[in-house]
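Enquirer:
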Amino acid sequence: EDIQVGVSDDVQNVGRGTLLAKNDAVKEVTGKVQGLYDAYPYPPEAVFDGPTVGYNHRWSWTHAYSSIFGEAPQSNEIEILDAGCGTGVTAQYLSHLNPYATHFNALDLSREALNVAEERAKRADLVGKPNNAVFHHMSLYDVADLDRKYDFINCVGVLHHLPDPAKGLRALAEQLKPGGLMHIFVYSALGRREIMLMQEALALLQEGRTDFTEGVRLGREVFRVLPDSSRIKSREKERWEMENERDSTFADMYLHPQEVDYTVPSLMQWVDGVKDLGIEFAGFSNPKMWDLKRLLGDSPELLEQALKLPKRQQYRLAELLDPDTFTHYEFFLSKGPVTKRDWRASSDEELFAASAIRQAGLQPWPAERTFDQDFNLIQLSDAEYEFLQKCAQDPTAELVEWEDDEKPRKISEIAAEMEKTITRDEILRLLDLEFLFLRP
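Numbering of the sequence shown is given in the working numbering, commencing with residue 172 and proceeding in unit increments.
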């Protein structure tokens, strides 16, 4: 049975509980969305001088590609699209972590948000460089007008705000090169139950008016007077209150004029709508959260039963058992089938012939103890530490600017000059930690 969420025949406004006919609603809804982001450019992060600080594995081509295919890409000379770039926070990360990008387009519906994005790029000293975004004021639906195909498409927090998410996903999928990756972020209905209730409540109180400033004032007053026993108020205090101190974040969460919220079944149905273009679901970008061992690991019997389920049903089980964790879905799509290399199945000769690349985001570094992606402090062995120090780092904009980037070398070459002896198991551990990427 079709679930009919985010399909092209209708525009589903889940947060407000209404279903709008597409032909009558698309232009109106698009105008309201543009109005929200012109009033409150998003995300509201401050603009500062110099390159971005920090690391996100989803926006590093080397890291993202390795997490999906099990090996580093053969080239970092890629073409990038940031679809719905807002104020340019993600665009700056993408520029910073992919300095060898040969072209980078970024687009957004809001002119005010793009003004901030352009200022951010200017103050980061990226203007005029191939890896800096060329910003376009346009609808995501019209991405084909840019007349370019991309290796890496990023679309975070955008498609669920389109009046027709299926049309938007198809527009992006048509511009993805064979072998390319798309990183997508959309909302979950189960983890945002209280948000959806508040959205509808404020829509009723505003009586259909689209006054975002008044809506923020009204919403804050509602939270002030609600009893502490209110589920909506307690969830806000527990999860969102600090983030929502900024009016732009509050408005984006509770006053958005268009939002589609998914479940695992409706998400997969939506993604399957572009299978005819060769698009495949390549996995969540936070896979540990979806591992049923996290939830059922203390019962071998339950875990064994759960792991017999098809993968998509395992995902559904995870969100049913732990709905508050999954406020959104972040995942990769690939153009073409995904075959992940298993280095554990490789011979020693094959493993040691691979070229080694150190992750760019290790912190602190250099240090014998460094954090993994879940902020666990990892103690490196003496050999692991020495080996990583001798590996070429995945390049960032700073390394290239300082002419400090190196060509990756074979593991065998690095091992031959080490004081300590690096073992196969230690190399595989560094791969599991994603501190290391290997290029065959």
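Backbone N, C-alpha and C fix where the C-beta goes; we use that ideal spot for every residue, glycine too.
Counting along the chain, where does the alpha helix (DSSP H) carrying H267 start and finish?
Expert: Taking the sequence shown and counting its residues from 1, one reaches residue 267 at position 96. Element bounds for H267: 260-268.
Enquirer: What number of angstroms, rounded off, separates the C-alpha of L522 from the C-alpha of R595?
Expert: By one-based count along the sequence shown, residue 522 stands at place 351. By one-based count along the sequence shown, residue 595 stands at place 424. Cα-Cα distance, rounded: 8 Å.
Enquirer: Spell out the partners DSSP gives F323 in its beta bridges.
Expert: Taking the first residue of the sequence shown as position 1, residue 323 is located at position 152. Note: F323 sits in a beta bridge opposite I251, L352.
Enquirer: Got a sec: is the Cβ-Cβ distance from V204 to anything in chain B below 7 Å?
Expert: The chain labelled as chain B is not found in the depicted structure, where only one protein chain is given.
Enquirer: Identify whether V357 lies in helix, strand or coil by the three-state DSSP scheme.
Expert: Translated into the one-based positions of the sequence shown, residue 357 becomes position 186. Here V357 sits in strand by DSSP.
Enquirer: Kindly indicate which three-state DSSP category V305 falls into: helix, strand or coil?
Expert: For the purposes of this step, residue 305 is taken as the residue at position 134 of the sequence shown. Looking at V305 - three-state DSSP - the assignment turns out to be strand.
Enquirer: With respect to the beta strand (DSSP E) encompassing D279, which residues constitute its N-terminal and C-terminal limits?
Expert: By 1-based counting over the sequence shown, the position of residue 279 is 108. From DSSP, the beta strand (DSSP E) with D279 extends over 274-279.
Enquirer: In the DSSP assignment, what are the bridge partners of A563?
Expert: Within the sequence shown, the letter at position 392 stands for residue 563. In the DSSP output, where bridge partners are listed per residue, A563 has I528.
Enquirer: Which residue wins for smallest C-alpha separation from I450, given the options Q440, L551, S583?
Expert: In the sequence shown, residue 450 corresponds to position 279, counting from 1. It is Q440 whose Cα lies nearest to the Cα of I450.
Enquirer: If you compare alpha carbons, which of E520, L492, I528, Q377 is closest to L120?
Expert: Absent from the model: residue 120. The displayed extent of the chain is 172 to 611, so no value can be given.
Enquirer: Would you mind stating whether W461 and F452 have Cβ atoms separated by less than 7 Å?
Expert: As a working mapping, residue 461 is identified with position 290 in the sequence shown. As a working mapping, residue 452 is identified with position 281 in the sequence shown. Contact: no.
Enquirer: Thinking L467 and L473 are a contact (beta carbons under 8 Å), I'd like their distance in whole angstroms, please.
Expert: Sequence index remark: in the sequence shown, residue 467 carries index 296 (1-based). Sequence index remark: in the sequence shown, residue 473 carries index 302 (1-based). Their Cβ separation, rounded to whole angstroms, is 5 Å, which keeps L467 and L473 in contact under 8 Å.
Enquirer: Take A304 as the anchor and find which of L599, A254, A210 has the nearest alpha-carbon.
Expert: Your numbering for residue 304 matches position 133 in the sequence shown. When each option's Cα is compared against that of A304, the closest is A254.
Enquirer: Quick check on this structure: which residue in E557, D565, E555, V204 has the alpha carbon closest to the alpha carbon of G328?
Expert: The residue you call residue 328 lines up with position 157 of the sequence shown. Minimum Cα distance to G328 is reached at V204.
Enquirer: Who are the Cβ neighbours of F558 in its own chain at under 7 Å, not counting the five residues just before and after it?
Expert: Residue numbering aside, residue 558 sits at position 387 when the sequence shown is read from its first letter. The answer, listed in chain order, is I585, M589, I593.
Enquirer: Look up Q550 in the DSSP assignment and give the residues it is bridged to.
Expert: Locating residue 550 in the sequence shown gives position 379, where the first residue counts as 1. Its beta-bridge partners are R540.
Enquirer: Can you say whether L609 is buried or exposed, counting buried as having 16 or more other CB atoms within 10 angstroms of its CB?
Expert: Translated into positions along the sequence shown, residue 609 becomes position 438. L609 is buried by the Cβ-count criterion.
Enquirer: Roughly how many whole angstroms lie between the Cα atoms of E365 and R465?
Expert: Here the question's residue 365 lines up with position 194 in the sequence shown. Here the question's residue 465 lines up with position 294 in the sequence shown. Between E365 and R465, the C-alpha separation is close to 25 Å.
Enquirer: Roughly how many angstroms lie between the CA atoms of A262 and D513, to the nearest whole one?
Expert: Here residue 262 is taken as the residue at index 91 of the sequence shown, counted from 1. Here residue 513 is taken as the residue at index 342 of the sequence shown, counted from 1. For A262 and D513, the distance between alpha carbons rounds to 32 Å.
Enquirer: Quick check: the region 371-389 against the region 412-427, are at least 3 beta-carbon pairs closer than 8 Å?
Expert: Yes, the region 412-427 is in contact with the region 371-389.
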